[in-house]
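Participant: First residue of the sequence shown: 3, per my numbering; consecutive thereafter.
My questions will all concern the structure given below.
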Amino acid sequence: MIREFGLLTPVVLAALACQAQTRLGLREAVDSALRSRASLKAEQERVFAAEGVRKQAALLPNPEFQFLNENLRPGQTYTRDVDTLAMISQPLDVLGKRKQRIALAGDSVARAQADYEMARWRVIERVKLAYWNARGLQEIRDVLRSAGGSFQKIVDYHAAQLNVGAIAEQDVLRVRLESERLSINADLAALDFARARGDLLREMGAKEFTGYVLTEPLDENIQVEPLGIEQVLARRVEIKAARAALEQARANAKLQDVSARPDLNVTYGYKRTQLPDTVTGVNTAIASIRITLPFTDKNQGNRMAAAAEVRRQEDLLAAAEAEVRADYYSALQEYEMRRTEFLTALQPLREHAATISQIASAAYAEGAVDLLRLLDAERARLDAELAWTRGLADYRQSIVKLEAAEGVNQ
């Protein structure tokens, strides 16, 4: 009788029911998201765009060729009477503008790369959280289905006992009512799992929402060794992105300062001048230098805006560091509480409930207790099993949050 009332292992039933579905582990889910997420590909294109801007900033300006004719009048002979000029002008960068443009473009690439790493890190975190949420709900669904399947044996047993007049019809109705309650809860759990699986597939960037069986072991014993706060600040991608943005702002401020310097342009060329009352011309070389005089426009507005942006990025960096500290200590506290709850409360609760269920089943088989006590014991065992499963899924998610707070996901 104890074996008849015992519940089958959820893992066995889940394996039999899901053989035709695609198996999906945590690593496969993360890799699929990194390959498929269009938003992540868009962030990668920003890096390529910044690299293109850096390449353009390193190019030298093109020379300018100018060809002129002077003294064009009707009735003249072009080769004899018209003055001709041919000149090449070359902008010069001897005051550091090009060098600073290259530096700014390089810092822009670093910022784009940091933004991409931050987007990648967030995708990994969201996929892991969604995976463990769905994995826990899948386990709950399997537990309820297993309980319903095993409880059907109890229903069949009591129906057979009723047919031979060994028990009252009231006991059969109670057992059937409990079986129907389990069936409804199993259907609701299946619906919750379907929603969570859809959320996981959305985070993965999946194009086909087919059925998956999540195969990552839920009860694997994992313990995380927390890092120090200085290590966390050095590893978090938000800090790297904020520092890259600050360096970019400083490089832009230097560029705006340099842009106030004069522009230089050198011209060299050839001029053929027709002399009066002669049939021959004079060939002459032309050389000039052109320089802008920054009397009124000293780039004051852009320099003021760049300085304000530097101060803004410094404040954003300080805010990011404060947020990372708060995020880390919050995640660490949640991890420690979840682990303590799982080890000291949920695990013993599960074991005690299983023991009580076995005792009640044996006592009911011997006629020592009534059906209500058996049902209460089975219900308590099932509630403890579900609480253990939910607690384990929450513990898994707390590990993901702590690893994300430490910058491990990157």
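C-beta: ideal position from N, C-alpha, C; glycine also.
Nearest CA to the CA of THR212: which residue from GLY150, GLU353, GLU205 and ARG199?
Facilitator: It is ARG199.
Participant: Tell me, please, whether the stretch 114-128 touches the stretch 243-252 by the rule of three or more beta-carbon pairs shorter than 8 Å.
Facilitator: Contact holds: three or more Cβ-Cβ distances are below 8 Å.
Participant: What would DSSP say about VAL410, mapped onto helix, strand or coil?
Facilitator: Coil at VAL410, not helix or strand.
Participant: List the residues that DSSP assigns as beta-bridge partners of THR69.
Facilitator: Going by the sequence as given, residue 69 is Phe instead of Thr. For PHE69, which the question treats as bridged, DSSP gives the partners ALA88.
Participant: Is the separation between the beta-carbon of ARG113 and that of GLN250 shorter than 8 Å?
Facilitator: Cβ atoms of ARG113 and GLN250: closer than 8 Å.
Participant: Entirely within the stretch 349-412 and at least 4 residues each: give me those alpha helix (DSSP H) ranges in chain order.
Facilitator: As far as the stretch 349-412 is concerned, its whole alpha helix (DSSP H) runs of at least 4 residues are 349-367 and 373-408.
Participant: When you compare each of TYR133, SER261, ALA247 and GLU232 to ASP201 by their alpha carbons, which one comes out closest?
Facilitator: ASP201 has its Cα closest to that of TYR133, out of TYR133, SER261, ALA247 and GLU232.
Participant: Can you list, in chain order, the residues of its chain whose CB lies under 8 Å from that of LEU377, leaving out five sequence neighbours each side?
Facilitator: Closer than 8 Å at Cβ, skipping near neighbours: ARG176, VAL177 and GLU180.
Participant: Terminal residues of the continuous alpha helix (DSSP H) containing LEU28?
Facilitator: It spans 28-38 - the alpha helix (DSSP H) in which LEU28 sits, taken as one unbroken run.
Participant: Just verifying my parser: in three-state terms, what is the DSSP assignment at ARG252?
Facilitator: If DSSP states are grouped into helix, strand and coil, ARG252 belongs with the helices.
Participant: Report, in whole angstroms, the separation of the C-beta atoms of PHE50 and GLN140, which I expect to be a contact under 8 Å.
Facilitator: Rounded, the Cβ-Cβ distance is 39 Å, inconsistent with contact.
Participant: Specify, as a first and last residue, the run of the beta strand (DSSP E) that ARG291 falls within.
Facilitator: It should be noted that the sequence gives Ile, not Arg, for residue 291. Unbroken beta strand (DSSP E) run through ILE291: 283-293.
Participant: So, with DSSP's three-state summary, where would you put ASN187?
Facilitator: It is helical.
Participant: According to DSSP, what are the bridge partners of GLY207?
Facilitator: Note: GLY207 sits in no beta bridge, so no partner.
Participant: Give the straight-line distance between the Cα atoms of ARG103 and LEU257, rounded to the nearest whole angstrom.
Facilitator: So the alpha carbons of these two residues sit roughly 6 Å apart.
Participant: Spell out the partners DSSP gives GLY271 in its beta bridges.
Facilitator: Bridge partners of GLY271: MET89 and ILE288.
Participant: If we ignore side chains and look at the alpha-carbon of each, how far apart do GLN399 and GLY207 end up?
Facilitator: For GLN399 and GLY207, the distance between alpha carbons rounds to 20 Å.
Participant: Could you give the C-beta distance for GLY271 and LEU87, rounded to a whole number, given that I count them as a contact under 8 Å?
Facilitator: Between LEU87 and GLY271 the Cβ distance is about 6 Å, and since that is below 8 Å, they are a contact.
Participant: Per DSSP, which residues does GLN276 bridge with? Please list them.
Facilitator: DSSP lists GLY283 as partners of GLN276.
Participant: In whole angstroms, give me the CA-to-CA distance for ALA44 and ASP144.
Facilitator: C-alpha separation (whole angstroms): 39 Å.
Participant: Evaluate contact between the stretch 337-344 and the stretch 360-368, counting only Cβ atoms and requiring at least three cross-stretch pairs below 8 Å.
Facilitator: No, the stretch 337-344 is not in contact with the stretch 360-368.
Participant: What is the rounded straight-line gap between the Cα of LEU190 and the Cα of LYS57?
Facilitator: Rounded to whole angstroms, LEU190 to LYS57 spans 58 Å at the Cα level.
Participant: With H, G and I counted as helix, E and B as strand and the rest as coil, what does DSSP make of THR24?
Facilitator: In the structure shown, THR24 sits in a strand (DSSP, three-state: E or B).
Participant: Let me know if PHE67 comes out buried or exposed under the rule of 16 or more other beta-carbons within 10 Å of its beta-carbon.
Facilitator: When all chains shown are included, PHE67 counts as exposed.
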